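Numbering (the numbering used here), first residue to last: 92 to 332. Encoded as structure tokens, the structure appears first; notes follow it.
Printed below as a string of structure tokens:
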């Protein structure tokens with residue numbers, strides 16, 4: 092019956108060990124099948140990859156299985172939709188660095204608890220010693236440590252860049268720093284030149300005024316004007332002298 096159900100749904104490759112189907116009261120009909128994944132199925136099982144698989148291998152498996160179990164291939168088969176949802180959930184978890192690390196830690200913690208429970212069942216009394224709880228506490232501490240560490244998303248993006256892109260980024264940063272330095276040098280040189288130019292214009296204006304006064308007034312009158320300006324410079328108004 093099990094092989095008949097899988098052949099009827101034409102998804103023989105999608106029948107893991109923990110899969111089981113049931114029929115409704117109407118009898119064996121392909122439209123009444125439901126798929127349920129067992130509690131022992133991990134995201135790695137769903138994507139059919141090993142736990143130490145690389146991100147590239149996980150992505151390739153997700154693309155392959157998504158095409159194979161896409162709901163549009165048979166909209167009337169709810170099994171495809173359930174499988175497609177599981178694929179997306181598994182990929183979204185394993186594709187992110189933080190979520191995958193936390194997920195692996197949770198799997199290790201679950202495995203440690205399971206081994207402790209089995210050992211206590213088979214060897215009552217012996218697991219009260221501290222060494223039998225070492226794995227449990229190690230995994231629990233690692234889980235809390237992973238939750239406390241936060242890596243900004245933009246750093247994840249940077250780690251995924253190719254070496255050529257990183258070289259280009261470094262060159263751009265160096266060029267920007269050099270441009271700022273050159274600009275600051277030009278500005279520092281331009282400021283004294285501007286001050287000197289202002290002084291030169293002021294001296295030229297005073298010289299022109301003196302020439303105009305010499306032509307406009309006579310010698311005696313220019314001497315008197317000069318003497319008056321000299322006295323005013325020696326005793327400015329408001330000094331009380």
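Beta carbons are placed, not taken as given, at the ideal position from N, Cα and C, and that holds for glycine. A quick note: this is a predicted structure, and the numbers were derived from the prediction, not measured.
* **Cα-Cα separation between residue 294 and residue 266, rounded to whole angstroms** => Straight-line Cα distance between these residues: approximately 43 Å.
* Leaving out five residues before and five after residue 319 in sequence, what residues of the same chain have Cβ atoms less than 7 Å from its Cβ? -> Answer for residue 319: no residue qualifies.
* Return helix, strand or coil for residue 133, following the three-state DSSP convention. => Correct three-state label for residue 133: coil.
* Tell me whether residue 260 sits in a helix, a strand or coil according to DSSP, three-state version. => In the structure shown, residue 260 sits in a helix (DSSP, three-state: H, G or I).
* Asked: Taking the alpha helix (DSSP H) that residue 147 falls in, what are its first and last residues?
  -> From DSSP, the alpha helix (DSSP H) with residue 147 extends over 146 to 159.
* To do: Leaving out five residues on either side along the sequence, give the residues of the same chain with a beta carbon under 8 Å from the beta carbon of residue 311.
  => Same-chain partners within the cutoff: there are none.
* Just reading off the alpha helix (DSSP H) that residue 175 is part of, what are its end residues? -> 169 to 185 is the span of the alpha helix (DSSP H), which, as asked, contains residue 175.
* To do: To the nearest angstrom, report how far apart residue 140 and residue 134 are at their CA atoms.
  => Roughly 9 Å separates the two Cα atoms.
* Cα separation between residue 155 and residue 271? -> Our two residues, residue 155 and residue 271, have alpha carbons roughly 50 Å apart in a direct line.
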